[in-house]
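Everything on this sheet refers to the single structure shown next.
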Amino acid sequence: MEIKNYSSSSTGFILLGLSSNPQLQKPLFVIFLIMYLVTVVGNVLIILAIHSDPRLHNPMYFFLSNLSFTDICFTTVIVPRMLVNFLSETKVISYMGCLVQMYFFMAFGNTDSYLLASMAIDRLVAICNPLHYDVAMNHRRCLLMLLGSCSISHLHSLFRVLLMSHLSFCASHIIKHFFCDTQPVLKLSCSDTSSSQMVVMTETLAVIVTPFLCIIFSYLRIIITVLRIPSAAGKWRAFSTCGSHLTVVALFYGSIIYVYFRPLSMYSVVKDRVATVMYTVVTPMLNPFIYSLRNKDMKRGLKKLQDRIYS
879 MEIKNYSSSS TGFILLGLSS NPQLQKPLFV IFLIMYLVTV VGNVLIILAI
929 HSDPRLHNPM YFFLSNLSFT DICFTTVIVP RMLVNFLSET KVISYMGCLV
979 QMYFFMAFGN TDSYLLASMA IDRLVAICNP LHYDVAMNHR RCLLMLLGSC
1029 SISHLHSLFR VLLMSHLSFC ASHIIKHFFC DTQPVLKLSC SDTSSSQMVV
1079 MTETLAVIVT PFLCIIFSYL RIIITVLRIP SAAGKWRAFS TCGSHLTVVA
1129 LFYGSIIYVY FRPLSMYSVV KDRVATVMYT VVTPMLNPFI YSLRNKDMKR
1179 GLKKLQDRIY S
């Protein structure tokens, strides 16, 4: 992989972080360390609870356990480096390290997106075609959906990183962000990025919008089906199985759409940092709480796990 610019290849990039105020570095370190530990512990507990309770061995919780694992990987790509930079004066990341971080950030982020779409399909089949649920969502098909989610996401990331590796970087190598994201790095390039932006936007639309449209279509079908249920109790029962998933989808896609689906000229450093923190740190941290607090099966699974640990 050819590195075209002396400054970026020899000294790497400088990650400006969330704030350049020296007095905020240690408080931010503590806050994000706590958030990271809560994310890892919470998602590990979800995975252990699902795998230890045979009653949770169904497609919905299969996808949830994989979503929790992906969330751990997703935050691990970003937060440990951020924590180191809070306590470091240099805040340097190598050129190759930047590309590697960008690759895994996109790979795990997109896998999250496809897993959310898979969970929407699962709810669609469970509510709209319950008699054929066991056949339609068999173990082999769930595995294929998981493998497809991972494969598409990693191919997308590889393509984007190869595209970024052909850019030249001139005067500035200060990334006004807390990790190597596409838009902040494109801002530093002295190459003509118009074609790169067009390719990135087109390919991103294909990869990210596809699962989002799948979620929208699934819930439109679910709403139509639920509205045909005569009893209010039946409608509430059907909708209640989707509440946690819809909450996570709203948090995840709301911030992603704000950050990525705008022209580079509209890029705002401060606003985009806040929105990016939402889907890279906050949403993975909240997922275990969202999926367990109002879910009787998960509560039972966590209680069983607790009893097994303390017995």
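Heads up: the sequence shown begins at 879 in our numbering, then just goes up one per residue. Beta carbons are placed, not taken as given, at the ideal position from N, Cα and C, and that holds for glycine.
Euclidean distance between Cα positions of residue i and residue j
i	j	result
residue 1155	residue 936	32 Å
residue 887	residue 1041	Here residue 887 scores only 47 on pLDDT, less than 50, and its place in the model is too uncertain to base an answer on.
residue 917	residue 1095	30 Å
residue 984	residue 920	22 Å
residue 1014	residue 1167	29 Å
residue 943	residue 990	11 Å
residue 934	residue 1076	44 Å
residue 1085	residue 988	8 Å
residue 1164	residue 971	29 Å
residue 959	residue 1058	11 Å
residue 1051	residue 1060	14 Å
residue 898	residue 968	12 Å
residue 1037	residue 982	12 Å
residue 891	residue 955	17 Å
residue 881	residue 1117	Residue placement at residue 881 is flagged as unreliable, the pLDDT there being 37, under the threshold of 50; a coordinate-derived value is accordingly withheld.
residue 1018	residue 1031	20 Å
residue 1169	residue 1108	28 Å
residue 1177	residue 1072	50 Å
residue 1001	residue 912	33 Å
Option nearest residue i by Cα separation, candidates the options
i	options	result
residue 900	929, 924 and 966	966
residue 1063	1183, 1135 and 973	973
residue 1068	958, 1021, 1053 and 1047	1047
residue 1125	1110, 1097 and 1021	1097
residue 1056	1152, 1117 and 1106	1152
residue 909	1101, 934 and 957	957
residue 1004	1131, 933, 1060 and 1115	1115
residue 1226	1109, 1100, 1128 and 1025	Since the first residue of the chain shown is 879 and the last is 1189, residue 1226 is not available in this structure.
residue 896	1169, 1010, 1150 and 1186	1150
residue 980	949, 948 and 1043	1043
Within-8 Å CB hit, residue i to chain D
i	result
residue 950	No chain D appears in the structure shown, which is made up of a single protein chain.
Contact check, residue i vs residue j, beta carbons under 8 Å
i	j	result
residue 992	residue 946	no
residue 1039	residue 1083	no
residue 952	residue 986	yes
residue 1066	residue 1053	yes
residue 1157	residue 1122	no
residue 1103	residue 1006	yes
residue 963	residue 893	yes
For residue i: DSSP bridge partner residues
i	result
residue 970	892
residue 1067	1047
residue 1052	892
| query | Is the segment 987 to 1002 in contact with the segment 1089 to 1096, if contact means three or more CB pairs nearer than 8 Å? | reply | When Cβ pairs closer than 8 Å are counted between the two stretches, the segment 987 to 1002 is seen to touch the segment 1089 to 1096, the count reaching three or more.
| Are the segment 918 to 935 and the segment 1172 to 1186 touching by the rule of at least three beta carbon pairs closer than 8 Å? | When C-beta atoms of the segment 918 to 935 are compared with those of the segment 1172 to 1186, three or more pairs fall below 8 Å, so the two segments count as touching.
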